[in-house]
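Student: Numbering (the numbering used here), first residue to last: 29 to 465. Please see the structure below; I have some questions.
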RNA sequence: GACCCGUUCGUCUAUCGGUUAGGACUCCAGAUUUUCAUUCUGGCAAGAAGGGUUCGACUCCCUUACGGGUCGCCA
């Protein structure tokens, strides 16, 4: 059997995480089964479609790394892949239904007459589900063609899945109740129904339905917030699916190797941005220093900071301190600019008594033969011993003097990157600030 | 309201009748002869409730509660 899945978004808004995960699961299933992944744009609602939304979908898919084998920009044997260009196909199928006597006109629109009997579907995730179509009040005959002549979702969706030989429809659980309708339509059309898998919805942290405006909802926001595509893909895969092992950090390739519909959950999952950040950090950690630097550079530039020749070393120093790429500018600013803001709380914590020690340290730094972070730390050690204090007592003031803050990279790395002249200058400036209050 | 799906630590989850119910995020406490958002160790924390079935139930069945979904000339 040839596996063919599809992602069929409508271009009426940005790509949101729910849609992205639906796309991901379809993509993963196709890739893991050696099948074909189709992208089809369901743009039948002219009033709500926008070019920007269509582009956002393409951009989002591309960013996530979900490439399609057939669809816009690629083509394929089952096109066109925009529903707005398939009217002739729909007309033909409509005529067939009409000839079969399954349609009737209602106020200018055309309705499909359901067979009034129980309809059972076998869902790959939800199992067997039966809806009783004898209850007409709950299942009114549906409009498939509007009075303006355009076709509605149920009809075009079903026709296209048939026309495009889709074997597996993986979609959100909000479509579960639509499936019996589609099954009836397919039967009337004389087609063979695809397999269905309805995946649970993604909810907000408070359990409400996730929708636009909710934090984390728009895929397009992730890149500029400093997330890696690999991390976002990894995280949303974990919403409603698990590897059944204790591992949870996966690349797209690893997900393909492990994915199965059987392992998809039935209960909706809540979106936890905190864990998404952690997943991002895990993926950041796996990056090489140069790759990390290349990804961080745009953020640094956007923050108005200079990018020196030794930027890779600067980025490397803060690499394991950040969860998001967008945190790099703040974390590395003191290594990139001459003017460093002093955190008043840190100044207060260091206290004026340290000023003398810092001056001694500055003198010791001047006496170092060949400057290096290692040598500078050794000098610090000597100054501390000579003064009768523990090295640790001197390290915090030094860190404060060099970076203006309490937290940051290893002191040796900072000293090496800053160089002798700047290190000494900051030491003396900080000592002056301490002395004057 | 009717119909459908669901319910394990606060969150994401493992468990497919017999486990001290495991892991991860968050949080807390230690450790890494400075710090740390890194790393390591440890800790807090769960089977919605009530009935069955069974020698035995988180696991199977029923009821209730709660959550979500659907009932459009939106998709």
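No residue lacks a Cβ here, since even glycine has one placed at the ideal position from N, Cα and C. Because the structure is a prediction, the values reported are computed rather than measured.
So the alpha helix (DSSP H) residue 200 belongs to, where does it begin and stop?
Tutor: Looking up residue 200 in the first chain gives position 172. Element bounds for residue 200: not the alpha helix (DSSP H) but the beta strand (DSSP E), 196-200.
Student: I believe residue 64 touches residue 95 by the beta-carbon criterion, under 8 Å. Please report the beta-carbon distance rounded to the nearest angstrom.
Tutor: Here the question's residue 64 lines up with position 36 in the first chain. Here the question's residue 95 lines up with position 67 in the first chain. 12 Å between Cβ atoms; not a contact.
Student: Please give the ranges of any alpha helix (DSSP H) in the region 85-131, keeping only runs that are unbroken, at least 4 residues long and fully inside the region.
Tutor: Those alpha helix (DSSP H) runs which fall completely within the region 85-131 and span 4+ residues are 115-127.
Student: I need the DSSP call for residue 208, collapsed to helix, strand or coil.
Tutor: Taking the first residue of the first chain as position 1, residue 208 is located at position 180. In this structure, residue 208 counts as helix in the three-state DSSP scheme.
Student: Determine, using beta-carbon pairs with one atom in the region 313-320 and one in the region 237-253, whether at least three such pairs fall under 8 Å.
Tutor: no
Student: Are there three or more Cβ pairs, one per stretch, closer than 8 Å when the region 372-382 is compared with the region 275-283?
Tutor: no
Student: Going by DSSP, what residues sit across from residue 64 in a beta bridge?
Tutor: Counting from 1 along the first chain, the entry for residue 64 is found at position 36. For residue 64, which the question treats as bridged, DSSP gives the partners 32.
Student: Might you give, ordered along the chain, the residues of its own chain that have their beta carbon closer than 6 Å to the beta carbon of residue 111, omitting 5 neighbours on each side?
Tutor: Locating residue 111 in the first chain gives position 83, where the first residue counts as 1. 70, 71, 72 and 184, listed in sequence order.
Student: Where residue 226 and residue 157 are concerned, what is the direct C-alpha to C-alpha distance, given to the nearest angstrom?
Tutor: Here residue 226 refers to the residue found at position 198 of the first chain. Here residue 157 refers to the residue found at position 129 of the first chain. If I take the Cα positions, the gap works out to 11 Å.
Student: According to the neighbour-count rule (16 or more other Cβ atoms, all chains shown, within 10 Å of its Cβ), is residue 261 buried or exposed?
Tutor: The sequence position of residue 261 within the first chain is 233, counting from 1. Around the beta carbon of residue 261, 16 or more other beta carbons sit within 10 angstroms, so the residue counts as buried.
Student: Work out the CA separation of residue 165 and residue 212 for me, nearest whole Å.
Tutor: For this step, residue 212 is matched to residue 184 along the first chain. For this step, residue 165 is matched to residue 137 along the first chain. Between residue 212 and residue 165, the C-alpha separation is close to 17 Å.
Student: For my contact list, residue 217 and residue 190 are in at a C-beta cut-off of 8 Å; report their separation, rounded to the angstrom.
Tutor: Mapped onto the first chain, residue 217 falls at position 189. Mapped onto the first chain, residue 190 falls at position 162. Rounded, the Cβ-Cβ distance is 7 Å, consistent with contact.
Student: What's the call for residue 47, buried or exposed, on a 16-neighbour Cβ count within 10 Å?
Tutor: Numbered from 1 along the first chain, position 19 holds the residue referred to as residue 47. The residue in question, residue 47, is buried, as its Cβ has 16 or more Cβ neighbours within 10 Å.
Student: Evaluate the contact criterion for the region 360-373 versus the region 383-395: three or more CB pairs, one atom per stretch, below 8 Å.
Tutor: no
Student: Beta carbon of residue 79, beta carbon of residue 132: below 9 Å?
Tutor: What you label residue 79 is simply residue 51 of the first chain in a count that begins at 1. What you label residue 132 is simply residue 104 of the first chain in a count that begins at 1. No, they are not a contact pair.
Student: Where does residue 335 sit, in a helix, a strand or coil, going by DSSP?
Tutor: Taking the first chain and counting its residues from 1, one reaches residue 335 at position 307. In this structure, residue 335 counts as coil in the three-state DSSP scheme.
Student: Rounded to whole angstroms, what is the Cα-Cα separation between residue 161 and residue 180?
Tutor: Translated into the one-based positions of the first chain, residue 161 becomes position 133. Translated into the one-based positions of the first chain, residue 180 becomes position 152. Whole-angstrom Cα-Cα distance: 20 Å.
Student: By how many angstroms is the C-alpha of residue 130 removed from the C-alpha of residue 140?
Tutor: Mapped onto the first chain, residue 140 falls at position 112. Mapped onto the first chain, residue 130 falls at position 102. Going by the C-alpha atoms only, they are around 6 Å apart.
Student: Compute the Euclidean distance between the alpha carbons of residue 445 and residue 338, then round it to the nearest angstrom.
Tutor: In the first chain, the residue the question calls residue 445 occupies position 417. In the first chain, the residue the question calls residue 338 occupies position 310. The straight-line gap from Cα to Cα measures roughly 9 Å.
Student: Closest to residue 84 by C-alpha separation, out of 347, 252, 172 and 41, would be which residue?
Tutor: The count along the first chain starts at 1 and reaches residue 84 at position 56. Closest option to residue 84, Cα to Cα, is 41.
Student: Ignore the nearest five residues each way along the sequence and tell me which others in residue 452's own chain have a CB closer than 6 Å to its CB.
Tutor: Translated into the one-based positions of the first chain, residue 452 becomes position 424. 390 and 393.
Student: Keeping to the same chain, check which residues put their C-beta closer than 8 Å to that of residue 197; ignore five residues upstream and five downstream.
Tutor: Here residue 197 corresponds to residue number 169 of the first chain, with the count starting at 1. Excluding sequence neighbours, residue 197 sits near 33, 34, 189, 222, 223, 224 and 225.
Student: Just tell me which of 125, 371, 268 and 56 has its CA closest to the CA of residue 297.
Tutor: Sequence index remark: in the first chain, residue 297 carries index 269 (1-based). Ranking 125, 371, 268 and 56 by Cα distance to residue 297 puts 268 first.
Student: What are the boundary residues of the alpha helix (DSSP H) that includes residue 168?
Tutor: Counted from its first residue, the first chain places residue 168 at position 140. From DSSP, residue 168 is part of no alpha helix (DSSP H); its letter is neither H nor E.
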